[in-house]
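Encoded as C-alpha cells, the structure appears first; notes follow it.
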Amino acid sequence: MKNLVLFFSISILSISTLIAKTITGKVTDNEGMPLPGTRIIIKGTNTGTQTDFDGKYTLEAKTGDVLIFSYIGFTTQTIKVKKQSVIDIKMTASSQLEEVVVQSDMALKRKAHGIHISRHTIRPVHTNTESYKKIEENTFKMVKSSPLSTFSIDVDKAGYSNVRRMINNGQEIPKDAVKIEEMINYFDYNYPQPKGKNPFAIHTEVNTTPWNKGSKLIKIGLQGKTVPLDDIPPSNLVFLIDVSGSMNSQNKLPLLKSAFKLLVNQLRDEDKISIVTYAGAAGLVLPPTSGDNKNKILEALNNLNAGGSTAGGQGIELAYKTAEENFIKNGNNRVILATDGDFNVGASSDQAMEELIEEKRKSGVFLTCLGFGTGNYQDSKMETLADKGNGNHAYIDSMQEAQRILGTEFGGTLFTIVKDVKIQVEFNPAFVQAYRLIGYENRLLNDEDFNDDKKDAGELGSGHKVTALYEIIPTGVKSKWLKDIDDLKYSDKPSANNQKDLLTVKFRYKEPDGDKSKLIEHIISAKELRNNNASADFKFASAVAMFGMKLRKSEYIEESSFQNIIQLAEEGKTKDEEGYKAEFIRLVKASK
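Here the sequence shown stands for residues 243 to 834, numbered as in this note's numbering.
Here it is as C-alpha cells:
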C-alpha cells in the first residue's frame, strides 16, 4: 500500500512538471535600460520568443526547462524554471562577442521534446540576396578650383536601423549599407525650434576634428518646425502592403501588421485609411475608412496573409489611384508602402520604378517607404522610391523602431512642412584650402541644380532634424590629403569685404504645395575657427560619423580606435530620454 501511494505521488509530480505555464518578465542592462529584441530560447528546443519595445516577454514553459537569454554584446544567461512565474533578467555587457550558432528547423526538431506553444520560431538561414547601391566616399576638394558644394537634404534613418540589425544579428556589414548621414540623422540633437513663421531654424558649429587634429569639423543643423498633431490637416492615407511569399517570416508581415496598428491607434475621426495589397496581383482590401472605425481597420490588417509573387508596379498604380480618388484639398495625402523591397513582377528595375514614381508625384500625393525583414532587403529600390516620391524611407527591424517611426515621430513621418530642400555651401579660399562632405554621397547635386526649381530634392517633416558635417583643411595647414594644383590665373581674388567670412550656406526650399523655391542664407564667421569647446551635440554627431567611417574602412580615420568613439559618444550622451544614444554606445562596444 505504501509503495502504491509513493508511486502515485511520484506520478503526480511527474505530470505536474509536464504542464506548461506562462512565464513573464523583463530584460534590462546593468543600468536598468530595457533590451528590446533579446532572444529567449528553451534549451534543447526551437521554442522561444523575444522581448518587446519595453524589454518585456511572455513564454510558455514547464518546470525544469532551462531558458537561455542572449543579446549581442552581452553575456548569455541560463535560468532554470522552478516554481516562479516571473523571471526578470539583468544582462551583463560582454568584453567580446559570443558566436551564436542557429541550427536548422529539422535538426532542432530531432532534439526537441514537449509541446511548442510559442508564437516565435527560429527560422533556418536562407541565402542572402540583399542589395545596396555602391557608395564612393567623398574626397577632399580644393576650394580654389571647386568653391561650391551642393547637395539635397536627407531625413531618412533606415541606414542606422539596418546597420543596428546586422550588428545585433552578428552579421558582416556590407560597406555600401553604411550611410553615414542616415546614421547621424537618426539621433536627437538639442536644436531650438524656429522662431516666427520660419519653417526651419539653422544651427552651425565649428571645432577641431576628433580624428584629425590638423583639420576642422563644421556641423550644419536644420530644425524643422514641430506642428502639433491637432493642427495637422486631415489625412488621406493609403497603406500599400506587400503580401507576397517573400514576406512570410516573423520579422516581415507579422511585424508589419503590429507596426501599422501603432499608427491606426493614433488616427483621428477626420482621417481616413485605405489598404491596398499586392502579391500575384494588386487589390483593394479596405476601401477608405474613417479613423473613428479603428476596429474595422484593425480587422483588415489581422486578416492579411503572405503568398505569391510580387506585383509591385500594379500595387503602386492602384495605391496612387485610390489616394487620388479620395484626395483631400490642403490635406495630408500619402501612400505608405511597406515591403522588403523584393519587386520581381512588372516594373521591377530601379529605373522603371523611378519613372513611375516621378509621374505619380505630380498628383500631390506623397510617399513613405517602410522596409522590413532580412535576407532579400532591396535598399536601393526603397531609397529610389522614397527619393522620387517626395517622401521618406525607414527600416523597421523591431517593435522598438516601429514605435519610434509610427508612434513617437508620427507627425514628422507623415506630414511634410517643406519640400525640395537643397543646401549649397560656398567656402572662402582665404581661410579654407580644401573640404570634404561626410556622407550624402547619394544626395550630391550639380552646382547649377541649386537654382533649378525643376530639380527634385529632399523633404523636411514636422519636427525633423537634419545634420551635415564638413571636414575642412584651413589655409596654411599641411595635410597629406591635399592634392597640389596651380593657382588659377583668371580666378577672382577674395575682396576685403569677404575676409571675415569662413563660408556661406544657402538653403532653398518650397512649400509642400508650391512650385517656386525660397532662399535663405547663413554666414559662418572665420572667428569660429578659434573655437575649442565642443558642444555635446557636436561630440555625439562626430562619434557617429567616426563609427560610420570605421565600418566603411574609410582611409580618413586610419588612426582612430573604437575606444575613441566610445569616449566621445559618452561625453556627448545628453538628452537621451529614449535611450537611443546609450544603445549606440552598446553597439560600438559590441562591434569591437
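We treat Cβ as the ideally placed atom computed from N, Cα and C, and that holds for glycine.
Residues bridged to residue i [DSSP beta-bridge criterion]
| i | result |
| --- | --- |
| residue 579 | 482, 611 |
| residue 714 | 458, 677 |
| residue 700 | 663 |
| residue 310 | 283, 320 |
| residue 292 | 281 |
| residue 528 | 517 |
| residue 390 | 668 |
| residue 302 | 264 |
| residue 468 | Answer is none; residue 468 lacks a bridge partner. |
| residue 463 | 445, 709 |
| residue 574 | 477 |
| residue 332 | 270 |
| residue 276 | 270 |
| residue 686 | 393 |
| residue 384 | 676 |
Residue i classed as buried or exposed, judged by whether at least 16 other C-beta atoms fall within 10 angstroms
| i | result |
| --- | --- |
| residue 601 | exposed |
| residue 346 | Because residue 346 carries a pLDDT of 33, less than 50, the predicted location of this residue cannot be relied on, and no value is offered for it. |
| residue 423 | buried |
| residue 273 | exposed |
| residue 537 | exposed |
| residue 338 | Because residue 338 carries a pLDDT of 42, less than 50, the predicted location of this residue cannot be relied on, and the following value inherits that uncertainty. Residue 338 should be labelled exposed. |
| residue 493 | buried |
| residue 404 | buried |
| residue 429 | buried |
| residue 484 | buried |
| residue 308 | exposed |
| residue 357 | Here the model assigns residue 357 a pLDDT of 34, short of 50, so the residue's position is not dependable, and the following value carries that caveat. Classification of residue 357: exposed, given that the 10 Å Cβ count is below 16. |
| residue 378 | exposed |
| residue 448 | buried |
| residue 411 | exposed |
| residue 280 | buried |
| residue 834 | exposed |
| residue 599 | buried |
| residue 772 | exposed |
| residue 351 | Bear in mind that the predicted position of residue 351 carries a pLDDT of just 36, short of 50, making it too unreliable to give a figure here. |
| residue 414 | exposed |
| residue 758 | exposed |
| residue 368 | In this predicted model, residue 368 has a pLDDT of only 47, less than 50, meaning its place in the structure is not dependable enough to derive any value. |
| residue 781 | buried |
| residue 266 | exposed |
| residue 221 | Nothing about residue 221 can be read from this structure; the chain reaches only from 243 to 834. |
| residue 420 | buried |
N- and C-terminal bounds of the alpha helix (DSSP H) containing residue i
| i | result |
| --- | --- |
| residue 837 | Since the first residue shown for the chain is 243 and the last is 834, residue 837 is missing from the structure and cannot be characterised. |
| residue 409 | 400-410 |
| residue 556 | 554-567 |
| residue 501 | 495-506 |
| residue 539 | 536-544 |
| residue 749 | First-last for residue 749: 743-752, but that is the beta strand (DSSP E), not the alpha helix (DSSP H). |
| residue 377 | Neither: residue 377 is in no alpha helix (DSSP H) and is coded neither H nor E. |
| residue 863 | In the structure displayed, the chain extends from 243 to 834; residue 863 sits before or after that span and is not available. |
| residue 655 | 652-656 |
Opening and closing residue of the beta strand (DSSP E) in which residue i lies
| i | result |
| --- | --- |
| residue 763 | 760-767 |
| residue 327 | No beta strand (DSSP E) contains residue 327, which DSSP labels as neither H nor E. |
| residue 442 | 442-451 |
Residue i Cβ short of 8 Å to the ligand GTP heavy atom set
| i | result |
| --- | --- |
| residue 316 | As far as ligands go, the structure on display features none, and thus does not contain the ligand GTP. |
Unbroken beta strand (DSSP E) runs of length 3 or more, entirely within the stretch 610-650: which are they? 634-638
Which ranges would you report for the beta strand (DSSP E) in the stretch 797-833 if only whole runs of at least 3 residues count? The DSSP assignment places no complete beta strand (DSSP E) segment of no fewer than 3 residues inside the stretch 797-833.
Kindly confirm or deny that the stretch 676-683 and the stretch 616-626 touch, where touching means at least three C-beta pairs closer than 8 Å. Result no; under three Cβ-Cβ pairs closer than 8 Å.
Are the stretch 813-833 and the stretch 452-465 in contact at 8 Å, needing three or more beta carbon pairs? no
Taking one C-beta from the stretch 683-698 and one from the stretch 392-412 each time, how about it: are there three or more such pairs within less than 8 Å? A contact exists between the stretch 683-698 and the stretch 392-412.
Any chance the stretch 696-714 sits against the stretch 650-660, with 3 or more Cβ pairs inside 8 Å? yes
Segment contact, 8 Å Cβ cut-off, at least three pairs: the stretch 723-730 with the stretch 745-756: no
Report yes or no: do three or more beta-carbon pairs, one from the stretch 762-770 and one from the stretch 788-804, lie closer than 8 Å? no
Would you call the stretch 381-391 and the stretch 632-640 in contact, with 3 or more CB pairs under 8 Å? no
Does the contact criterion of 3 or more C-beta pairs under 8 Å hold for the stretch 468-483 versus the stretch 564-579? They touch, by the three-pair rule.
I'd like to know if the stretch 494-507 and the stretch 602-616 are in contact, where contact means that at least 3 CB-CB pairs between them fall below 8 Å. Touching, yes, given that three or more Cβ pairs across the two stretches are closer than 8 Å.
Measuring CB atoms only, is the stretch 689-696 touching the stretch 428-447, in the sense that at least three cross pairs come out at less than 8 Å? no
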